[in-house]
Every structure is written in C-alpha cells, then in structure tokens.
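Have a look at the structure below, then the notes.
Number of protein chains: 4
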Amino acid sequence: MADTRPVRRQARGERRIAEILDAALGLFAEVGYDAATTNAIAARAGISPGSLYQFFRNKEAIAQALSERLVEGTRKAHGAAFADRPVAGLPLDELIDLMLDPLIEFNVSNPGAKTLFGNTDMPAQLAAATRPLHEAVTRRVTAVITARAPHLAPAAAERTATVVVQIVKGMMPPVVAADDDERAALVTELKRVIRGYLAPLEDTPA
Amino acid sequence: MADTRPVRRQARGERRIAEILDAALGLFAEVGYDAATTNAIAARAGISPGSLYQFFRNKEAIAQALSERLVEGTRKAHGAAFADRPVAGLPLDELIDLMLDPLIEFNVSNPGAKTLFGNTDMPAQLAAATRPLHEAVTRRVTAVITARAPHLAPAAAERTATVVVQIVKGMMPPVVAADDDERAALVTELKRVIRGYLAPLEDTPA
Amino acid sequence: MADTRPVRRQARGERRIAEILDAALGLFAEVGYDAATTNAIAARAGISPGSLYQFFRNKEAIAQALSERLVEGTRKAHGAAFADRPVAGLPLDELIDLMLDPLIEFNVSNPGAKTLFGNTDMPAQLAAATRPLHEAVTRRVTAVITARAPHLAPAAAERTATVVVQIVKGMMPPVVAADDDERAALVTELKRVIRGYLAPLEDTPA
Amino acid sequence: MADTRPVRRQARGERRIAEILDAALGLFAEVGYDAATTNAIAARAGISPGSLYQFFRNKEAIAQALSERLVEGTRKAHGAAFADRPVAGLPLDELIDLMLDPLIEFNVSNPGAKTLFGNTDMPAQLAAATRPLHEAVTRRVTAVITARAPHLAPAAAERTATVVVQIVKGMMPPVVAADDDERAALVTELKRVIRGYLAPLEDTPA
DNA sequence: GATGAATGAGTCTTCATTCAT
DNA sequence: GATGAATGAAGACTCATTCAT
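Chains as they are written, first to last, in the UniProt record's numbering: chain A, 1 to 206; chain B, 1 to 206; chain C, 1 to 206; chain D, 1 to 206.
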C-alpha cells in the first residue's frame with residue numbers, strides 16, 4: 001500500500017497525459033482549482049475517473065505537472081526568441097517584447113494558465129504544486145536583470161525580478177479576458193510600465 | 001420617521017456581523033476562501049453555525065459583505081487622507097503616498113483582504129461576490145486619474161486605472177508576506193513603478 | 001484543518017455513540033470489519049453519514065471505541081463476579097467459571113465482539129485499534145495466573161496467559177455460532193481444556 | 001484414454017497458478033485478505049492483472065484454490081508422517097507430534113496460511129471460500145479421534161475435533177509470529193494443552 | 001495466452017446548510 | 001435570536017474486473 005506505483009509515462013500514455021492536462025487547464029480556467037473536480041477533469045478528458053489516477057497520483061500532481069508544462073512551454077517560447085541573441089546587448093524595448101510576447105500568447109491560448117501562474121492567492125495544495133513554476137520564472141527574470149544591470153546587488157536584482165513578475169501576473173487576467181483591441185491596448189500599457197520601471201536601472205552604471 | 005428603533009435594535013447584530021467578518025477575514029488569510037469552512041468561521045466568531053446563517057444567507061454572502069466592508073474601509077482611509085485636498089493640485093509623489101499608504105496598511109493588518117482584493121483568479125462564486133469591490137476601487141482610481149489627466153479619453157482613463165489597480169493587486173501578496181525591511185523596499189519599488197507609469201500622462205497636456 | 005475537533009461526548013451524544021457502536025458491532029458480526037462501510041453503520045444506527053463523523057473521527061476510531069467498550073464490559077462483568085473473592089483461594093473450577101461465564105455471555109449477546117476480540121488475523125488498522133483490548137485482557141489473565149501460581153517466572157506466566165487467551169479466542173466463534181445445547185457442550189469442553197492446562201501449574205509449589 | 005495432452009499442455013498453466021497462489025499467500029500474510037489487491041497479487045506473481053483472470057474467475061476463487069492447496073499440503077505432510085503407522089496404536093505424545101509438527105512447520109513457512117486457516121472471523125466471501133479447508137481438516141481430526149476413542153458418539157467425536165482444531169487455530173498466530181525460542185516454548189504449551197484434553201478420552205473405555 | 005489500459009461502482013470523509021429545541 | 005445536532009450531496013480516490021490489441 002506504499003507509493004510504489006511507477007505512474008505510467010510512456011507511449012500512448014503521453015497523449016493521455018496531455019489530454020488530461022488540457023482538460024484540467026480548461027477547467028481551472030473556467031471554475032478554478034478547487035471547483036475543478038477530478039471526476040470532471042476525467043470526463044472532459046474523455047476517460048474514467050479511475051484512468052486519471054493511472055497517470056496522476058492525485059489532484060495535486062495534476063497541478064504540478066501542469067506547472068511543469070507551463071515552465072517548459074514558456075521556456076521553449078523564450079528559448080526560441082532569445083536564440084543567439086546576447087541578452088545584454090539588446091535594446092530594452094526589444095528585450096521586453098521578446099520576454100512578454102511569447103508569455104502573453106501562451107496565456108491567451110491557455111487561459112487556465114493564470115490559475116497556476118497568475119494567481120496570487122491559492123489553496124496551500126496548489127501553492128506547493130506551483131512553487132517550482134514561480135521560482136523558475138523568477139529565476140529566469142532575475143538572470144536577465146542581472147545581465148543587464150550587473151551593478152545591482154543580488155537582493156536588489158531579485159526584488160526587481162519579483163516586482164516585474166508580480167506586475168505581469170497582475171495584468172494577465174485582464175489581458176487574457178479582453179477582446180483583441182483592448183488586449184493590444186493593455187499590452188502596450190503593460191510594456192510601458194515595465195520599460196518605465198527597468199530603464200532607470202540600466203542607465204545607472206556602477 | 002416614527003420608527004427609529006431598528007438603529008439601536010440591531011446594535012448587537014452589527015457587532016455579531018463584524019465578528020463574523022473578522023473571523024472570515026482571518027481564515028481567508030490563513031487557508032483561503034475554499035478551505036475556510038463556514039463552521040470554522042462560526043467557531044472563530046464564537047457563535048454556532050446556526051447563528052451564522054441568521055446573519056448571512058450563505059458563504060458567498062459573507063464574502064460579499066466582506067468586500068463591501070473593504071470598500072468602505074479603504075474609502076474611509078482615503079477619505080481621511082484626501083480631506084480638503086484638491087486631488088488635481090497635489091504633487092504626484094504625494095498623491096501616490098496618499099493612495100497607497102492607507103491601502104497597504106489596511107492589507108497588512110488584514111492579510112485576508114488579499115483573498116478578496118489581491119486575488120486575480122478566483123472561484124466563480126467569489127468572483128461574483130467581490131466584483132463590486134473591484135469596480136468600486138477601479139472607479140475611484142479612474143476618478144483620480146481623470147481629475148489629474150483630463151485630456152485622457154474615458155476609455156483610456158479607465159484602462160489606466162485598471163493597470164494601476166492590477167499592479168497594486170499583483171504586488172500585494174509579496175508586500176503583505178514580507179518582513180518589515182523587505183516590505184519597505186518593495187513598497188518603494190511599487191511606488192516607483194506607479195510614478196513611472198503615471199507621470200508621463202500628466203505631463204502631456206491636450 | 002488540524003485535528004482539534006473535540007468529538008462530542010456529552011448528554012444525548014452518549015446515546016448516539018452507543019447506537020453507533022451497536023450498529024458497528026452488529027455489522028462487524030455480519031460482514032466483518034472491512035465490509036462494514038461507514039455509511040452502512042450510520043444507516044443502521046439511524047443517522048446520516050455526516051452525523052457519524054460528528055462522534056468518530058474515522059472508521060478506525062469506531063473500532064477503537066468498540067474495543068474500549070468491550071474491555072469495560074468484560075471488566076465490569078468480571079469485577080462483579082470477583083467482588084470480595086480472593087482469587088488465590090478459589091477452587092480452580094470456580095475460578096474458571098467466574099472468568100469464562102461472563103465473557104461467553106458477553107460474546108453471545110454481542111456476536112460482533114469476536115471480530116474485535118476473537119479475531120486472530122486482521123487488517124492493520126483494526127489490529128492497531130484493538131491492541132489495547134488484547135493487552136488489557138492478557139494483562140488481567142496474567143495477573144490471575146501470577147496470583148495462583150506465584151512460582152512461575154514472569155515470562156512463563158505471561159505465556160500461559162497468552163495460551164489461555166488464544167484458546168478462548170479460538171473457541172469463541174463456534175461457541176457464539178452454536179445453538180444452546182451445542183453451546184453448552186462446547187463450553188464444557190472449553191472449561192475442561194483450560195482446567196487441564198492450568199491445574200498442573202498450581203500443584204507445583206516452589 | 002486417447003487424449004493425454006491436457007496433462008502436459010497445462011504444465012505451464014500449473015506453474016502460473018502456483019506462482020499466483022504463492023503471491024496471494026504472501027500478500028495475505030503481509031496485509032490480510034481485503035487489503036491484498038488482485039493487481040498486487042498479479043504484480044507479485046510477475047504477470048498482468050488480465051492474465052490473473054485467465055486462471056481465476058475472481059478474487060474469491062484465489063482464496064478457494066489456496067485453501068485447497070493448503071488442504072493438500074497438510075494432507076501430504078500428514079500422509080508422509082503417518083505412512084504405515086497404525087494411528088490407533090501410537091502413543092498419544094507421538095501422535096500429537098505427528099499431527100502438529102508438520103502443520104506448524106507449514107504455517108511458519110507460509111505465514112499467509114493463517115489468514116485462511118487460523119483466522120476465526122473473516123469476510124463472508126473468504127469464509128465461503130475456506131469452508132472446505134476447515135471441513136477437511138476437521139474431518140481428518142475427527143477420523144483420528146474416532147480411531148483412538150471409538151467409544152465416543154459421533155457428535156462427541158466431532159465436537160472434540162472442533163475443539164482441537166480451534167485451539168490450534170487460536171495458537172497459530174502467536175506461534176507464527178514468535179521468534180524461535182518463544183515459538184518452541186509456545187509449541188510445548190500447545191502440545192501440553194492438547195494432550196491434557198485428549199488423554200482422558202482415550203483412557204475411558206466404554 | 002498475455003497484456004495493461006480502461007472502467008465505474010463504491011469507499012471514506014467533508015461541509016454548506018437546515019431545523020427542532 | 002441562539003444553539004448544535006443532523007443532514008446528504010458531493011469529492012477524492014481505490015480496486016475488482018473487462019476487453020481491445
């Protein structure tokens with residue numbers, strides 16, 4: 001009765017897993033984490049409740065896997081964008097575009113993502129499951145900031161990253177919810193905010 | 001005009017209600033909305049579950065009442081701050097202090113408030129209950145912005161307010177969670193962000 | 001969400017608890033521990049599933065409380081029987097009657113008791129819950145044996161007690177299941193067994 | 001007479017069955033009947049859940065087959081012991097050794113056996129499946145007793161057998177659980193009990 | 001015969017809500 | 001108004017069993 005189940009992760013399993021995560025993401029977007037019942041997730045994924053547990057030990061594990069997929073998803077998007085570009089040498093505007101555009105696009109096409117990423121106050125269970133996501137994102141942003149403003153003390157760099165991340169998180173729900181025109185306008189504002197916040201840091205040499 | 005009894009007759013009821021809302025706020029802060037059971041709220045308020053339902057139709061009504069109390073609370077704080085001050089004539093720095101300081105103080109001493117105000121993705125039930133809070137806050141900010149930058153189109157003013165509000169919301173959880181020193185640093189950053197965002201709007205005359 | 005529920009135990013509660021334990025005992029007798037669902041226990045007790053959990057934290061707690069009631073029940077029966085009698089001075093036959101008769105009567109009128117007491121191989125959960133019962137009974141028998149055969153080493157006395165207890169346990173199911181005549185015959189045999197086993201020990205002085 | 005294939009064709013099947021029964025026995029010993037899931041049995045037997053059901057209609061059938069194997073196992077052990085010995089002419093001590101030693105050895109090396117044999121109160125399903133085992137054992141003991149004490153009425157002989165069997169059952173769990181030294185001591189006691197119980201019957205001629 | 005993914009009824013437990021006192 | 005026992009509909013999760021491959 002211990003916990004020795006391997007939790008299948010092969011072959012056809014991968015597709016199933018993806019379907020389950022899609023279903024969970026959709027439900028999270030619609031009703032939130034707590035109200036998204038595992039039975040409902042299974043039903044939306046087109047499988048039985050029992051099958052769901054063949055792939056995930058419990059509900060928290062779904063959130064966790066989803067988190068990881070989000071980290072991975074944005075990392076890929078960012079990776080592609082930054083390929084062969086020296087972060088340090090980019091104009092700030094361009095850097096912001098490269099960082100935000102894929103992130104926004106990802107959140108718009110996965111509206112449930114904000115439950116995991118954009119949420120600022122969540123059940124303890126969810127918080128534990130998504131902490132790695134938060135930390136990964138914050139770490140990435142900290143790295144960029146450190147590269148651009150090397151004179152900043154580590155604590156200051158991390159705080160700056162936190163501020164940026166929280167701003168983006170805060171803006172995500174209205175951005176995702178808005179129609180195309182309003183979204184474009186909101187994104188413009190968001191970028192203006194970020195630029196206005198980061199620009200002075202870069203100008204201040206040691 | 002003849003019947004002035006209700007005012008006093010409900011005096012005790014008012015206190016009960018306040019106790020319930022305090023209990024709910026505390027529990028929301030500690031475990032979140034879903035995990036805060038009505039029985040636990042009643043227990044913390046020192047009453048029986050049955051009594052709780054004499055004051056609130058259901059759990060959602062508690063969130064709603066709490067929302068209203070928060071609107072009222074921050075309105076009062078702001079009202080006191082702005083008393084006899086022409087919003088339009090204030091230096092931007094001072095305006096930001098006047099708006100944020102009471103809000104932050106309120107959230108710090110009521111950490112549960114972020115569940116209702118700072119949360120960016122919540123169960124449908126909660127979202128419905130707290131919409132009035134969001135709208136009231138956004139309306140107030142819109143009014144200030146319109147007063148300071150009268151050249152802005154109404155839609156732009158409202159969007160600007162939304163951005164400000166979402167930034168503040170996003171920053172609230174880390175601000176509330178931080179220790180005193182880090183909190184001060186974070187608040188400084190937050191104010192810098194807001195100032196950087198609003199300053200250009202005010203300088204641009206029609 | 002910790003475990004601070006007092007688990008009511010007063011006034012009307014006592015009757016409820018008794019009803020629940022009766023229901024559990026009956027069901028244990030009929031279908032065994034695992035197959036006795038908490039919902040079935042509640043139904044038989046004439047209450048809802050939710051109510052059951054107002055009195056018992058979980059299924060295991062029911063078994064535990066039942067165990068304690070059995071210890072208490074047999075202790076009372078024995079207590080009454082032994083009142084003012086010097087265990088050491090009693091003829092062996094009489095002692096055996098005094099020990100077994102109440103025990104058998106108790107098990108016959110509570111056929112579920114053998115699930116907790118007479119069972120020799122049980123789910124881990126049940127085993128944990130009933131260990132105190134086993135230990136209490138063995139301790140009591142050890143005390144009697146030590147009083148009657150003071151020359152026995154402690155380990156030997158305890159082993160002797162274990163043997164007696166296991167014999168009685170083993171005999172309980174057929175005794176309980178038999179009709180009146182057959183039961184009388186089985187009890188006669190059982191007493192013969194016990195007497196034959198204990199008699200030599202008492203004759204052997206230091 | 002023409003078709004002798006089945007015997008060999010099922011050779012591999014026989015091994016599979018044996019492996020499944022071994023797995024079940026082990027699991028029964030470790031966690032009990034209810035907690036021993038069919039999937040776990042299959043896994044321990046090194047086959048898939050589906051394959052298990054090609055050999056056994058359901059879980060109960062496994063218990064039943066295991067019962068039969070135990071009957072067979074002890075019958076063989078006893079058969080070997082009694083070979084060419086006139087049961088009626090043996091000294092009682094020797095008879096008891098011949099009957100108990102193989103049984104104890106068998107249970108010690110198959111600790112799961114007590115779930116089927118030593119258990120005195122089991123789920124209805126299990127009880128049905130193991131009744132043949134109980135009856136076979138009791139029948140065998142009855143036969144021995146009848147042979148040694150022919151003056152006993154059939155009902156008395158059977159009752160005596162029941163008593164002996166239940167005593168042995170009751171002692172099996174502590175015997176199996178004890179370490180070597182304590183086990184030897186317990187077995188000595190057990191044999192003393194049985195001898196003390198049976199001796200008088202043999203001495204009393206009609 | 002073998003596989004293992006899939007099933008879905010059923011288990012324990014929780015909790016918003018009601019109601020007799 | 002107050003109480004707190006009672007309710008019962010779910011929810012997360014399990015497991016004996018089936019079936020397509």
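Each residue gets a CB set at the ideal place from its N, CA and C atoms; glycine is no exception.
Fair warning: this is a prediction, and the values are worked out from it, not measured in the lab.
List the endpoints of the continuous alpha helix (DSSP H) containing residue i.
i, result
"D:Ser109", "92-109"
"A:Asn39", "38-44"
"A:Arg131", "124-148"
"B:Gly89", "From DSSP, B:Gly89 is part of no alpha helix (DSSP H); its letter is neither H nor E."
"C:Gly112", "Note, C:Gly112: premise wrong, no alpha helix (DSSP H); not H, not E."
"A:Leu152", "Taken as a continuous stretch (DSSP letters only), A:Leu152 belongs to no alpha helix (DSSP H), as it is neither H nor E."
"B:Tyr53", "49-55"
"C:Ala63", "59-82"
"D:Asp34", "Careful: D:Asp34 lies outside any alpha helix (DSSP H) and carries neither H nor E."
With burial defined as no fewer than 16 other Cβ atoms inside 10 Å of the residue's Cβ, what is the status of residue i: buried or exposed?
i, result
"B:Gly170", "buried"
"C:Gln64", "buried"
"D:Lys76", "exposed"
"B:Thr4", "Residue placement at B:Thr4 is flagged as unreliable, the pLDDT there being 47, under the threshold of 50; a coordinate-derived value is accordingly withheld."
"A:His78", "buried"
"B:Glu94", "exposed"
"B:Glu189", "buried"
"A:Arg69", "buried"
"B:Gly46", "exposed"
"C:Asn39", "exposed"
"C:Gly112", "buried"
"C:Thr37", "exposed"
"B:Pro102", "buried"
"C:Arg159", "buried"
"C:Asn58", "exposed"
"C:Ala24", "buried"
"B:Ala61", "exposed"
"B:Ala157", "buried"
"B:Ala161", "buried"
"B:Ala42", "buried"
"A:Ala199", "exposed"
"B:Glu18", "Contrary to the premise, residue 18 of chain B reads as Ala rather than Glu in this sequence. The residue is exposed, with fewer than 16 neighbouring Cβ atoms inside 10 Å."
"B:Ala80", "exposed"
"D:Glu14", "exposed"
"B:Ala184", "exposed"
"residue 220 of chain A", "Because residue 220 of chain A is not part of the residues shown, which for chain A are 1 to 206, the question remains open."
"C:Ala149", "buried"
Report the CB separation of residue i from residue j in whole angstroms; it is logged as a contact under 8 Å.
i, j, result
"D:Leu21", "D:Leu66", "5 Å"
"B:Val87", "B:Val164", "That belief does not hold up - the Cβ atoms of B:Val87 and B:Val164 are roughly 14 Å apart, past 8 Å."
"C:Phe55", "C:Arg16", "6 Å"
"A:Val137", "B:Ala124", "Going by Cβ atoms, the distance from A:Val137 to B:Ala124 rounds to 27 Å, so no, they are not a contact pair."
"B:Pro173", "B:Lys114", "6 Å"
"B:Ile96", "B:Arg195", "6 Å"
"D:Val108", "D:Val176", "6 Å"
"A:Tyr197", "B:Arg192", "7 Å"
"A:Phe106", "A:Thr74", "6 Å"
How about residue i: is its Cβ closer than 7 Å to a heavy atom in the ligand SAH?
i, result
"C:Leu186", "As far as ligands go, the structure on display features none, and thus does not contain the ligand SAH."
Closer than 7 Å between beta carbons: that is the criterion. Which residues of the stretch 82-113 of chain B meet it against chain A? none
Short-range partners of chain A found in the stretch 135-163 of chain B, where Cβ spacing is below 9 Å: Ala155, Ala156, Arg159, Thr160, Thr162, Val163
Could you please tell me which residues of the stretch 34-60 of chain B, in chain order, have their CB closer than 7 Å to any CB of chain A? Asp34, Ala35
Return the residues of the stretch 169-180 of chain B that lie within a Cβ-Cβ distance of less than 8 Å from chain A, sorted by chain order. Lys169, Gly170, Met171, Met172, Pro173, Pro174
Anything in the stretch 184-196 of chain A with a Cβ closer than 8 Å to a Cβ of chain B? List those residues in chain order, please. Ala185, Leu186, Glu189, Leu190, Arg192, Val193, Gly196
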